[in-house]
Amino acid sequence: MVEQRISGPRSGPAPQPGPGHRPGSVIIVGAGIIGLTTAWELLEAGWDVTVCDPEPMSGASFAAAGMLAPASEVVWDQPTLYGLMVSAAQLWPLLAGRVAAGVGRPVGHLTTETLVCAGDAADRRALADLTGLQRRLGMDLEEISSATARQLEPALGPGVVGAVRIPDDHQVDPRRIMAAILEVLEQRGTVVRQQVSGLRRSGEARDSADAPDSADARDNADAGEARDGRRVVGVRLADGTTLAADEVLVAAGLASGGLDGLPEGLDLPLRPVWGDILRVRVPERLRPLVTRTVRGLVHGVPVYLVPREDGTLVIGATSREDGLAGPSVGGVHQLLRDAQRLVPGVLECEVLEVTARARPGTPDDVPLIGRVAPGLTVSTGYFRHGILLSALGARLGADLVAGREIEPETAAAVDPRRFARVMAR
Ligand SMILES: Cc1cc2nc3c(=O)[nH]c(=O)nc-3n(C[C@H](O)[C@H](O)[C@H](O)COP(=O)(O)OP(=O)(O)OC[C@H]3O[C@@H](n4cnc5c(N)ncnc54)[C@H](O)[C@@H]3O)c2cc1C
68 MVEQRISGPR SGPAPQPGPG HRPGSVIIVG AGIIGLTTAW ELLEAGWDVT
118 VCDPEPMSGA SFAAAGMLAP ASEVVWDQPT LYGLMVSAAQ LWPLLAGRVA
168 AGVGRPVGHL TTETLVCAGD AADRRALADL TGLQRRLGMD LEEISSATAR
218 QLEPALGPGV VGAVRIPDDH QVDPRRIMAA ILEVLEQRGT VVRQQVSGLR
268 RSGEARDSAD APDSADARDN ADAGEARDGR RVVGVRLADG TTLAADEVLV
318 AAGLASGGLD GLPEGLDLPL RPVWGDILRV RVPERLRPLV TRTVRGLVHG
368 VPVYLVPRED GTLVIGATSR EDGLAGPSVG GVHQLLRDAQ RLVPGVLECE
418 VLEVTARARP GTPDDVPLIG RVAPGLTVST GYFRHGILLS ALGARLGADL
468 VAGREIEPET AAAVDPRRFA RVMAR
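Here our numbering is used: the first residue of the sequence shown is 68, the next is one more, and so on.
The structure is reproduced here in structure tokens:
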């Protein structure tokens, strides 16, 4: 068996060591939005970062529309999630700006507002109820008539009976920002295009030629961890090779709970919630079809149209738990039916892509982020809001990897073991 050593911190941006570990080496399992944004934070802090993924950017993040929508994503009875979404939204301009500066080009972060439309009178009442909640939560919004909405977006259909303007709900193009971070990682870190089959623990057999590594040194410094062999000191790859590092962060989305070697009793309660989504090109003669994200309810069913700078539109998204891995005919039908009620011109667009991916859902829709064993952090379960929440999740993940405390209330809210505790009571 071959073992690759990941070396210590390399030159780069000034390290920002916390009271815990000095920057060392870290392996990140999964190159979706969570793995990549966390990799970015750790690179910036001076860590030697390796990301492993057989197909980077191919999971839920590949499908995502990229709405950064703390207000229009509010649903009833999710107080924990509201706070996380608002904090994450505040971090986005900084994250997007730093990554854009790092690659020398924009990454598709747009601060244009969102218009939430009602497809019929019942939808208008439902939106009005929600508007009351959003206002109580301190969110900025303005209810407008359908005539005013049509002045803003002349392509709105005659069926739209009212709308709400939300200035702080923005968007990013997930594929552009992920590609940018991956490019930086190829230069300043390491990208291993292989599946991780499991985690390596201290004390496990390795090549006798191996020199003691700094993970062992950490074990010796923390004899309690070393003696029972619990410390995670690297990963095993699908081809049988192993990689060693001081820290491992698991950000493999839905697959995170299936990794061999997770701590005993750690059950990550993830379930797939499939979403169908379309990408279409607006014909030159109709551009711009819409100038901001247009979303809404049509007969009680949510739908959105997110315009990109390149003249394409993202139309999404269904939410189904039927286990059908590819795009569903019924789902695509529903999206086109409802999108054309809000913006009839979508029927004149060219279909570029029909995609389905599974969101990593959790029982309370809040992610699972925590240090679950010495040397091991998990960051997954971002469900419907992983693009928005990644700006915050990346910081929390990087802090945990670095051995820094995170704010206790947040730590409890995202604790990966919180469901096990509830069941044990
Ligand atoms: C249709 C749709 C629309 C969405 N729209 C939005 C939106 O507008 N705004 C928003 O905030 N969120 C949105 N989401 C939710 C968001 O996409 C997810 O919450 C987010 O992408 C989860 O990111 P992730 O990095 O945890 O997982 P993923 O993106 O699934 O990444 C996991 C990665 O891990 C890799 N991996 C898996 N197993 C292994 C292994 N053993 N070894 C190595 N690598 C492995 C996979 O190849 C994959 O690349 C949407 C989701 C869907 C499906």
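Each residue gets a CB set at the ideal place from its N, CA and C atoms; glycine is no exception.
In this text the structure is predicted, and so the values were computed from the model without any measurement.
With at least 16 other beta carbons inside 10 angstroms of its own, P434 counts as buried.
By the criterion of a C-beta distance shorter than 6 Å, L356 is surrounded in its chain by A222, V349 and G412, once the five residues flanking it on both sides are discounted. With respect to M152, Q238 sits apart: the two C-beta atoms are not nearer than 8 Å. Membership of E388 in any alpha helix (DSSP H) is not indicated, and neither H nor E is assigned to it by DSSP. For A185, the three-state secondary structure derived from DSSP is strand. A contact between stretches requires three or more CB pairs, one per stretch, nearer than 8 Å, and the segment 369-383 fails this requirement with the segment 299-316. A214 sits exposed, since fewer than 16 C-beta atoms from the chains shown fall within 10 Å of its C-beta.
Rounded to the nearest whole angstrom, the C-alpha separation of R232 and S92 is 45 Å. For Y371, the uninterrupted beta strand (DSSP E) segment begins and ends at V368 to P374.
Nearest neighbour of V365 by Cα position, chosen from V170, R471, G229 and T308, turns out to be G229. Ranked by how close their Cα comes to the Cα of L219, the residues V174, G164 and T179 have T179 in first place. Membership of R255 in the alpha helix (DSSP H) is indicated by the continuous run P241 to R255. Here G301 has R267, T309, L310, A311 and A312 as same chain residues with Cβ atoms under 6 Å from its own Cβ, once five neighbours each way along the sequence are excluded. Per the C-alpha coordinates, the member of R484, D120, V410 and G169 positioned closest to V258 is D120. Setting aside the 5 residues that flank it on each side, L443 is surrounded in the same chain by V299 and V315, each with a C-beta closer than 6 Å to its C-beta; the list follows chain order. Between ligand 1 and L443, a heavy atom-to-CB distance of less than 7 Å is absent. Residue ranges of uninterrupted alpha helix (DSSP H) with 4 or more members, entirely inside the segment 441-480 and ordered along the chain, are 453-468.
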